[in-house]
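The structure appears right after this line, and notes come after that.
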Amino acid sequence: MNSTLLLRPAIRTVATANKTLQVPTFQSRRKSTISSLMAGRDPKPTAPTIGGFLAKKPYEPPSWASHLNPIPSHTFSLGHLPTPIHKWNLPNLPEDTEVWIKRDDLSGMQLSGNKVRKLEFLMADAVANGADCIITVGGIQSNHCRATAVAARYLNLDCYLILRTSKVLVDRDPGLIGNLLVERLVGAHVELVSKEEYAKIGSVALADLLKKRLLSEGRKPYVIPVGGSNSLGTWGYIEAVREIEQQIQTGSGEIHFDDIVVACGSGGTIAGLSLGSRWSNLKAKVHAFAVCDDPGYFYNFVQGLIDGLNAGIDSHDIVNIQDAKGLGYAMNTSEELKFVKDIAEATGVVLDPVYSGKATYGMLKDMSANPEKWKGRKVLFIHTGGLLGLYDKAEQMTSMVGKWRRMEIDESIPRKDGAGKMF
Ligand SMILES: Cc1ncc(COP(=O)(O)O)c(C=O)c1O
């Protein structure tokens, strides 16, 4: 069977009045058959889209961020934005406290969560630099790696993921649970390293090692750091603040948020949110719940990110970082998992166990321990996604979910016409 799928995006340089832009164009390629495409011998074609999705756009920062430097020149439209904001009826809040939730978990399906916002900038830079493949790094269930793998495939780039796993699993097929399923379906190359190797060598040197190998094979790799957290990725959440401001302005009944609460895993999300909240009209206090490392580490790391934008501000002045890692990164107590289950059952919002689950758990614990601090406040919680990570916890959660039984059917009920068909 012959296919006439002949389109492939290429990068074209376009000169405008004052800038030179790199834009993807779609040009004819040699004819392929379905079987050769499926055998992976040919890059998958990517069609132009109707509407803005996947389009590369020139970037203009919000006026309150225009003094930052450098300012990115372009973004790719990857997320389904704006994400909704709605009231979140959490149980046991302090008196008159309102919690609202911004659903960044709904920023897409395969390409979901907070990472999408960073990738809009990072992928534009990769393409502008003529990359033909992306390298990034993370834990075995990294949401960032999954999002990057999908974004790369959408833009017709290959993706190499360095994934950290335990010593006993590092030489085995990593399987298809959670994020791995999506990564492997979109054809990402998975490179496993043990936690010990990762701790000894570090993510930067590991990525560099892979980069050298790919360069020697004639590839043009672009490295995205852990969590997409560098100064360029920080723009993702500067933009999210502009989005929140616009949502507040256009929403019915003006609301002012006193606080923003969010999980922190590699620091980029809180860097952008805190800068944006400080300089925009939002002026909400940003509370970060760190799910790994410790607050001191993140104050320093965020400082590096905002220094990279010449923000001239101290991270301690714009964000409050609290420890919420519990047993450790991506490890959960039964109490935390039960909490995720209870919140889902009470409100319909499914939290991930590694990030927003721990941040919400930490926030409610703090509210219960210090009700005066939160009394009467309007809080915006940012749900940063990560649903696929929940599959990794399915076994631990089995005993927490009930409500099933074999339906009782009276054998004497007569069969109706159509029995044996679907309806
Ligand atoms: C689902 C999810 N939420 C939150 C975070 C934390 O965001 P950041 O890495 O920007 O601190 C991450 C990644 O680390 C994530 O995957």
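The opening position of the sequence shown corresponds to residue 48 in this note's numbering, with each subsequent residue numbered one higher.
A virtual CB, placed ideally from N, CA and C, is assigned to each residue, including glycine.
- Here residue 206 carries a strand assignment [DSSP, helix/strand/coil].
- Annotation: residue 123 is outside any alpha helix (DSSP H); the continuous beta strand (DSSP E) that includes it extends over 121 to 123.
- For the pair residue 450 and residue 392, the Cα-to-Cα distance works out to about 12 Å.
- Here the distance from the Cβ of residue 362 to the nearest heavy atom of ligand 1 is not below 7 Å.
- In terms of CA proximity to residue 387, 399 leads the group 236, 378, 282 and 399.
- Contact check for residue 273 and residue 320: beta-carbon distance about 18 Å, past the 8 Å limit, so the pair fails to qualify.
- Relative to residue 379, the option among 347, 389, 444 and 424 whose CA is nearest is 444.
- By a beta-carbon distance limit of 8 Å, residue 192 does not contact residue 202. Their separation comes to about 16 Å.
- Each residue's CA atom was taken as its position, placing residue 171 and residue 415 some 43 Å apart.
- Look at the beta carbons and you see the segment 113 to 132 touching the segment 168 to 183: at least three pairs across the two are nearer than 8 Å.
- In terms of side-chain proximity, the C-beta atom of residue 104 is found no nearer than 7 Å to any non-hydrogen atom of ligand 1.
- Approximately 16 Å separates the beta-carbon atoms of residue 119 and residue 290; this is outside 8 Å, ruling out the contact.
- Contact between residue 402 and residue 310 holds, with the beta-carbon distance rounding to 4 Å and staying under 8 Å.
- Among the bridge pairs identified by DSSP, residue 150 is matched with 430.
- Taking C-beta separations shorter than 7 Å and ignoring five residues to either side along the sequence, the partners of residue 439 in its chain run 188, 224 and 225, following chain order.
- If you draw a straight line from the Cα of residue 339 to the Cα of residue 457, it is about 54 Å long.
- In the structure shown, residue 226 falls within a helical segment according to DSSP collapsed to helix, strand and coil.
- Beyond the five residues adjoining it in sequence on each side, residue 424 comes within less than 7 Å, by CB distance, of 144, 305 and 306 in the same chain, given in chain order.
- Counting every other CB atom within 10 Å of its CB across the protein chains shown gives residue 100 a total below 16, marking it as exposed.
- Inside the segment 102 to 136, DSSP marks no whole alpha helix (DSSP H) run of 4 or more residues.
- It is roughly 26 Å from the alpha-carbon of residue 366 to the alpha-carbon of residue 138.
- Under the DSSP assignment, residue 185 falls in the beta strand (DSSP E) whose first and last residues are 180 to 186.
- In the three-state scheme derived from DSSP, where H, G and I count as helix and E and B as strand, residue 240 is classed as strand.
- In this structure, residue 317 has its CB closer than 7 Å to one or more heavy atoms of ligand 1.
- Approximately 6 Å separates the beta-carbon atoms of residue 284 and residue 164; this is inside 8 Å, confirming the contact.
- Going by beta carbons, residue 180 and residue 262 fall outside the 8 Å limit.
- Apart from sequence neighbours up to five positions away, the residues of its chain that approach residue 151 with a beta-carbon distance below 7 Å are 130, 160, 161, 429, 430, 431 and 432, ordered along the chain.
- Going by beta carbons, residue 270 and residue 182 fall inside the 8 Å limit.
- Setting aside the 5 residues that flank it on each side, residue 241 is surrounded in the same chain by 211, 212, 213, 214 and 217, each with a C-beta closer than 8 Å to its C-beta; the list follows chain order.
- When secondary structure is reduced to three states using DSSP, residue 369 falls in the strand class.
- Ligand 1 never approaches residue 300 closely enough for any of its heavy atoms to be under 7 Å from the residue's Cβ.
- Look at residue 267 here: in three-state DSSP terms it is coil, with no helix or strand label.
- Setting aside the 5 residues that flank it on each side, residue 410 is surrounded in the same chain by 308, each with a C-beta closer than 6 Å to its C-beta; the list follows chain order.
- At the C-beta level, residue 374 and residue 447 stay beyond 8 Å of one another.
- The beta carbon of residue 166 sits closer than 7 Å to those of 125, 194, 195, 198 and 275, all from its chain and outside the five residues before and after it, given in chain order.
- In the assembly as shown, residue 243 is an exposed residue. Its beta-carbon has fewer than 16 other beta-carbons within 10 Å.
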